[in-house]
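Under my numbering, think of the first position of the sequence shown as 1, with each following residue one higher.
Encoded as structure tokens, the structure appears first; notes follow it.
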Amino acid sequence: MNHIEQNVKELLKIVPPHVTIVAVSKTHPSSAVEAAYHAGIRIFGENKVQELVSKATSVNVPAEWHMIGHLQTNKVKILLPHVSLIHSVDSLKLAKEINKEAQKLNKTIPCLLQVHIAQEETKFGFDENELFDFLENPDRNALTHLRICGLMGMATFTDNKQQIRNEFKRLKNLFDTIKRSFFQNDTYFKELSMGMTSDFEIAIEEGSTMIRVGSFIFGQRNYVNK
Ligand SMILES: *Cc1c(COP(=O)(O)O)cnc(C)c1O
1 MNHIEQNVKE LLKIVPPHVT IVAVSKTHPS SAVEAAYHAG IRIFGENKVQ ELVSKATSVN
61 VPAEWHMIGH LQTNKVKILL PHVSLIHSVD SLKLAKEINK EAQKLNKTIP CLLQVHIAQE
121 ETKFGFDENE LFDFLENPDR NALTHLRICG LMGMATFTDN KQQIRNEFKR LKNLFDTIKR
181 SFFQNDTYFK ELSMGMTSDF EIAIEEGSTM IRVGSFIFGQ RNYVNK
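Printed below as a string of structure tokens:
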């Protein structure tokens, strides 16, 4: 048994069944995706459109693909045929573009709204005010081919576990508030994508329904060849 299979078995022992695992395969080859698939993983995440499309069209297993990274409007068209969930919707402009291209494909695209919860300036996403502006914007009614299924967020990159926990708590509270205010009777709005290799156990304790785990499964990433 290779190390990817072992890692997946280990992960499946820790992660409760109500939490969806997204295996983040960025920088790793299609063969790694196939090994994880054979060990029981069904959903893979990529943060670059080109890499997602190239793997989605080359792997020899019927994997599902999630876009987890920042998405530029000019890449939406090539992404949509291959993606089953976009975690990283962070503007009305992007939402409109996804809606437009989805309409052409006669598809409805499930999406999460990315929220900026970390201290770092570098992370994408709506801040809380922008999120409410988006949700209250009447233009949103025209987004008939985009289905908002929940929220996504990334904690600060820090060793301070309490800070990470507090950020996840804040996101969970925001999720509950938004669910109550905007999606009360909407059965689709139910996903809270939070937690990566270094913090998924805290994220699950704080209410995550979907974790995005890369290095735990595939080992360290080597960016040298990219
Ligand atoms: C790379 C990445 C992950 C996974 O990171 P690991 O630390 O390898 O688990 C999760 N989410 C996003 C948005 C990423 O870009």
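Yeah, the Cβ is synthetic: ideal placement off N, Cα and C, and Gly gets one too.
Between residue 3 and residue 219, the beta carbon gap of about 7 Å places them in contact (Cβ cut-off 8 Å). Around the beta carbon of residue 159, a 10 Å sphere encloses fewer than 16 other beta carbons of the protein chains shown; the residue is thus reported as exposed. Taking 7 Å as the cut-off, the beta carbon of residue 23 is found closer than this to the beta carbon of residue 36. Taking 7 Å as the cut-off, the Cβ atoms of residue 41 and residue 8 count as close. Annotation for residue 8: the continuous alpha helix (DSSP H) segment containing it runs 3-14.
Taken through DSSP and simplified to helix, strand or coil, residue 63 comes out as coil.
Ranked by Cα distance from residue 116, the first of 125, 64, 109 and 108 is 125. Note that the C-beta distance between residue 179 and residue 168 is not below 7 Å.
With fewer than three CB-CB distances shorter than 8 Å, the segment 192-203 does not count as touching the segment 136-144. Across the structure, residue 85 and residue 110 are spaced so that their CA atoms are roughly 5 Å apart. An exposed status is given to residue 161, since fewer than 16 other beta-carbon atoms sit within 10 Å of its beta-carbon. In the DSSP assignment, residue 38 falls within the unbroken alpha helix (DSSP H) covering 30-38. Residue side-chain check: residue 86 keeps its Cβ at 6 Å or more from all non-hydrogen atoms of ligand 1. When the beta-carbon positions are compared, residue 118 and residue 155 come within less than 7 Å of each other. Residue 114 carries a strand assignment under DSSP once its states are collapsed to helix, strand and coil. For residue 7, the CB stays at least 6 Å from every heavy atom of ligand 1. Close CB contacts of residue 222 within its chain, under the 8 Å cut and outside five residues either way in sequence, are with 27 (chain order). Residue pairing for residue 23: DSSP places it in a beta bridge opposite 44 and 213. Here the alpha carbon of residue 74 sits roughly 10 Å from the alpha carbon of residue 98.
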